[in-house]
């Protein structure tokens, strides 16, 4: 018996995922593994609102998590850096559980595969997170650190919401159905990260992950 | 104590060492042994066919393993982390095995196909196309294939190893072999006809073997590989036309 089996560490998370990055509107990683940003890099801010979730018997519902990450080239080529922020509403035990899950320590996709692409990981940083999960106008902020606000893609001809989805009937890169928008705010300033990519790719999706 | 230390040190590099040895052996064979082993064949015995099959298998391993390195590396990263926390894992080599199985299957099919072509005398005993129309048809077809949705779909899958792992992960040894086999099939869907181009220019033509290995690597590993694959398609089609016109004019 390995120690992982002995202590179980079974987790499951059902979350709102609010993501945005420096790619143009399609986000190349979704389709063919390579970012289509000008620099060929990936710089992303992803907010997670845990609708229901647990690690073994520990309840993780209604917690908020933010993942800030950057890779110099395609994500799978590695050398990524990331910071993990967890809302101050989480108890010390919950912070430990979320940090363990998000850094891939308990196994389970996609965290375990992602963990292999990072060379530097900072956190978990416990901070006051404001987060609104909404199909069209999601947002999350940490005062003086980061600010993300989604906004729908507007048809330039008639000013109407274009209502764009990307769906993967057979399972996608991270999610199966994403509501695609753009950002009116997307910035972070914290130690190793300082970027601002307003007006690029944004997606809101529901994800169900487990190990 | 000492052997344990060596095991641990070696364990970290076992995947790279194995793949490096496989590549070294495959390319050594292609550079120095292949033409000696495969004398021109007029009458095909079953031993000749087995030799031909081994040749294809070794060539495919040598040509296709380099561009699959990113996904091997990702799986190895996952395994290294699991090892650190004493969790169960299946060696990355099982994934490589699955990947090679897909290409082994292809090698078998193309060996039989080549044998049939020899029967039709479309290939010379030097394993090279002996008919201009056959060369041109193969080039044109491979050029067209570059533009087909199935090629672009498979290439996208090949170029997104992280997406493949997050959506198709399977546990255990069988799981690793299966994943490798499935990923190998995407690479097959991508490259089978490019590899078959060797029938046009000589199965043992080293320049073409190297050129195709590089072209496949660019398609799979470079940021603009998808665009490149379509440009390559146009070049192949133009090449077919050029060969046809140039030869007809002389």
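Chains as they are written, first to last, in this note's numbering: chain W, 20 to 230; chain H, 8 to 257. Glycine residues also receive a C-beta, built at the ideal position from the N, C-alpha and C atoms. Given the structure is predicted, the values throughout are model-derived calculations rather than measurements.
In the DSSP assignment, residue 99 of chain H falls within the unbroken alpha helix (DSSP H) covering 99 to 126.
Under the DSSP assignment, residue 194 of chain H falls in the alpha helix (DSSP H) whose first and last residues are 179 to 203.
Taking all protein chains in view, the Cβ of residue 113 of chain W is crowded by 16 or more other Cβ atoms within 10 Å, so the residue is classified as buried. Burial of residue 136 of chain W is indicated by the presence of at least 16 other C-beta atoms within 10 angstroms of its C-beta. Residue 214 of chain W sits in a strand when the DSSP states are folded into three classes. Contact note: residue 124 of chain W reaches chain H through 92, using a C-beta cutoff of 7 angstroms and chain order. At a C-beta separation below 8 angstroms, residue 94 of chain W has these neighbours in chain H: 169. Taking a beta-carbon distance threshold of 7 angstroms, residue 131 of chain W counts as an interface residue toward chain H.
Less than 7 angstroms divides the Cβ of residue 168 of chain W from the Cβ of residue 203 of chain W.
Within the same chain, and ignoring the five residues on either side of residue 213 of chain H in sequence, no residue has its Cβ closer than 6 angstroms to its Cβ. For secondary structure counted as the alpha helix (DSSP H) over 4 or more consecutive residues, the region 122 to 189 of chain W holds these complete runs in sequence order: 130 to 134. With a minimum length of 3 residues, there is no unbroken run of beta strand (DSSP E) contained wholly in the region 45 to 99 of chain H.
The C-alpha of residue 72 of chain H lies about 36 angstroms from the C-alpha of residue 252 of chain H.
Taken in chain order, the members of the region 65 to 94 of chain W whose beta-carbon sits within less than 9 angstroms of a beta-carbon on chain H are 92, 93, 94. Residues of chain W with a Cβ closer than 7 angstroms to the Cβ of residue 84 of chain H are, in chain order, 135.
Residues of chain H with a Cβ closer than 7 angstroms to the Cβ of residue 50 of chain W are, in chain order, 163.
Short of 6 angstroms from the beta carbon of residue 90 of chain W, and not among the five residues preceding or following it, lie these beta carbons of its own chain, in chain order: 61, 99.
For residue 71 of chain W, same chain residues with a beta-carbon under 6 angstroms away, outside a window of 5 residues either side, are 33, 80 in chain order.
The C-beta separation of residue 220 of chain H from residue 70 of chain H comes to about 5 angstroms, placing the pair in contact by the 8 angstroms criterion. Selection H:189, H:151, H:26 evaluated against residue 165 of chain H yields H:189 as nearest (Cα-Cα). In this model, residue 90 of chain H and residue 98 of chain H are separated by some 10 angstroms (Cα to Cα).
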